[in-house]
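All residue numbers for the sequence shown refer to my numbering, where the first residue is 202 and numbers rise by one. Have a look at the structure below, then the notes.
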Amino acid sequence: MSSTQPAQTTPRRYQLFIDGQFVDAESGKTFKSPNPATGETFAEVAEADKADVDKAVAAARKAFEGKWSKMSARDRGRLLYKLSQLIEEHAGELATLETMDNGKPIKESTYIDLPGVVENFEYFAGWSTKIEGETIPVPGQMFNYTLREPVGVCGQIIPWNFPLLMAAWKLAPALAAGNTVVLKPAEQTPVTAVELGKLIAEAGFPEGVVNIIPGFGETAGAALASHPGIDKIAFTGSTEIGKVIAKAAAENLTKVSLELGGKAPNVIFADADLDQAVNGAMMGIFFNQGQVCCAGSRLFVEAKVKDEFLARFKEKADKIKVGDPMDKATLMGPQVSMEQLNKIKSYVAIAREEGATVFSGGASPELEGAFQNGYFFQPTIFSEVDNTMRVAQEEIFGPVTSVITFDNDDDLLRQANETMYGLSAGIWTRDITRAHRFAKAVKAGVVWINTYNMFNAASPFGGYKQSGYGREMGKHALELYTQVKSVWVDLSGKPIGWFGK
Ligand code: ADP
202 MSSTQPAQTT PRRYQLFIDG QFVDAESGKT FKSPNPATGE TFAEVAEADK ADVDKAVAAA
262 RKAFEGKWSK MSARDRGRLL YKLSQLIEEH AGELATLETM DNGKPIKEST YIDLPGVVEN
322 FEYFAGWSTK IEGETIPVPG QMFNYTLREP VGVCGQIIPW NFPLLMAAWK LAPALAAGNT
382 VVLKPAEQTP VTAVELGKLI AEAGFPEGVV NIIPGFGETA GAALASHPGI DKIAFTGSTE
442 IGKVIAKAAA ENLTKVSLEL GGKAPNVIFA DADLDQAVNG AMMGIFFNQG QVCCAGSRLF
502 VEAKVKDEFL ARFKEKADKI KVGDPMDKAT LMGPQVSMEQ LNKIKSYVAI AREEGATVFS
562 GGASPELEGA FQNGYFFQPT IFSEVDNTMR VAQEEIFGPV TSVITFDNDD DLLRQANETM
622 YGLSAGIWTR DITRAHRFAK AVKAGVVWIN TYNMFNAASP FGGYKQSGYG REMGKHALEL
682 YTQVKSVWVD LSGKPIGWFG K
């Protein structure tokens, strides 16, 4: 295999971004972020902990009470738009850094992540001037209106699967609505968030409006979630940590929004266009190495087409080019970390113990040179899976799908909803009635009909059940970052009669 990884001798160095300045951690500590394709240290990054969280929250508070709240909505929107343009100008460089830090194929960071980041900042730039209150038709000589105001200082904790895109989903609506932010990227992928800090400074955002503090979950993350100085915490990550965050936030009654795990049903009916369905199944589980909260990781296939579908699915899955993520032809790079790789391997063992069949893949591929130390795994299909098995119920977060059969619509719906999660669902059929019936009955926040993994900044995304609460993107995201004030005015000019004149 020819290597297109840029040669790197010394790790890139990154600091924290607090109050408009790039600074070391108070403790002076740093941590290493490896390149998942080779295991070599890609970046050495300042490690925030409680002291830095305190500083960042104080800076965000000062900015919120100061310049930011006095800025016009139009100027806020212009800053967001300027940021979207700067990101677009630097898209190539940012895509490369994303791939080096996360391992996702360059094709993906170039054509999916970066355009999505630009789109989100651009979309919410437009919202800045369109956040409005209402007048309410109250009785009597009263005038009642509402003000829609920012929540205040927002803590935002994001995962490693789409590092810059998750930062955009969080920052764009928060800033459009006039909040200030302390953002903690995941320890596995801190690089592009700090790069974004440079562009935020260049765009001209006032100091302290956005603070970016790489660090670990148990230290920096926990300090942020439990901080009495924040007004809201927004989190994307595992359901397990979502519960930890919600508990920490409950102590101060901090507002919370959570976008958590999933175990989505992706359903193939016998009447589907099978070529499209095979591609949809691939998109559902192998995109981004399966490290997607809405991945179609339970593949329900109507029993009468199971053999034909599986044969076609395996044939295509086996052809996926796994390897050097900087190679434009690569469709699957490494998993993000050794920990994730080991987790996936443990589920292969669990599948075998439970009596499922490893129909395809199931191991790391044989790669050459520096990539031998990377965290690669083959596209993997488990067949003969029962929906009650652990591999069908637990989120694996890798390129691993469990094929489960069903006999009819009722059988399918019952099984599809038998999960603690409810983030997304997909269905492949030519029967529109069946498709819409399923869309209505499935307990999931997003449903894809004859497509999968479609997103747009204008369309809401979020979960039912233990996949979380709150909706990101679209106008719904503004609900998360604004609060309503009701203002009453007496127009009669008379004293209140209740206690006599
Ligand atoms: P994963 O298990 O896939 O790595 P996590 O849910 O653990 O996902 O991580 C998502 C984000 O949550 C990361 O930024 C991580 O640092 C952060 N995090 C992890 N543990 C905690 C915690 N106890 N409190 C706050 N944030 C945390």
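Glycine is no exception: its CB is placed at the ideal position from the N, C-alpha and C atoms.
In the assembly as shown, Gly-341 is an exposed residue. Its beta-carbon has fewer than 16 other beta-carbons within 10 Å. The C-beta distance from Pro-237 to Val-537 rounds to 5 Å, short enough to fall under 8 Å. For Leu-366, the CB stays at least 8 Å from every heavy atom of ligand 1. With respect to the C-alpha of Val-246, the residue from Lys-271, Ala-252, Gln-389 and Trp-269 having the closest C-alpha is Gln-389.
Per the coordinates, the alpha-carbon of Thr-634 lies some 12 Å from the alpha-carbon of Asp-610.
Per the Cβ contact rule, the segment 401-414 is not in contact with the segment 342-354 (fewer than 3 Cβ pairs under 8 Å). According to DSSP, Glu-460 shares a beta bridge with Thr-437 and Gly-669. Residues Ser-427 of the same chain have their beta carbon placed closer than 7 Å to that of Glu-452, with the five preceding and five following residues left out of the count.
For a cut-off of 8 Å, the C-beta gap from Phe-487 to Pro-600 is around 5 Å, short enough to register as a contact.
Its chain contains Met-533, Gln-536 and Pro-600 as the residues whose beta carbon lies nearer than 6 Å to that of Gln-490, once the 5 sequence neighbours on both sides are disregarded; these appear in chain order. For Thr-300, the enclosing alpha helix (DSSP H) starts and ends at 292-303. Gln-579 counts as buried, since no fewer than 16 other beta carbons sit within 10 angstroms of its beta carbon. Pro-386 has its Cβ nearer than 8 Å to a heavy atom of ligand 1. Runs of the alpha helix (DSSP H) lying entirely within the segment 470-542, each at least 4 residues long, are 475-487 and 507-519 in chain order. Lys-464 has its alpha-carbon roughly 7 Å from the corresponding atom of Thr-620.
For Gly-356, the enclosing beta strand (DSSP E) has its first and last residue at 354-358. If you look at Ile-650, you'll find it in the beta strand (DSSP E) that goes 647-650. Taking 8 Å as the upper bound for CB-CB distance, Ile-446 and Ile-434 are in contact here, some 6 Å apart. Cβ neighbours of Lys-644 within its own chain (closer than 7 Å, five residues either side excluded): Asn-618, Gly-623, Tyr-665 and Lys-666. Judged by DSSP in its simplified three-state form, Ile-697 adopts coil rather than helix or strand.
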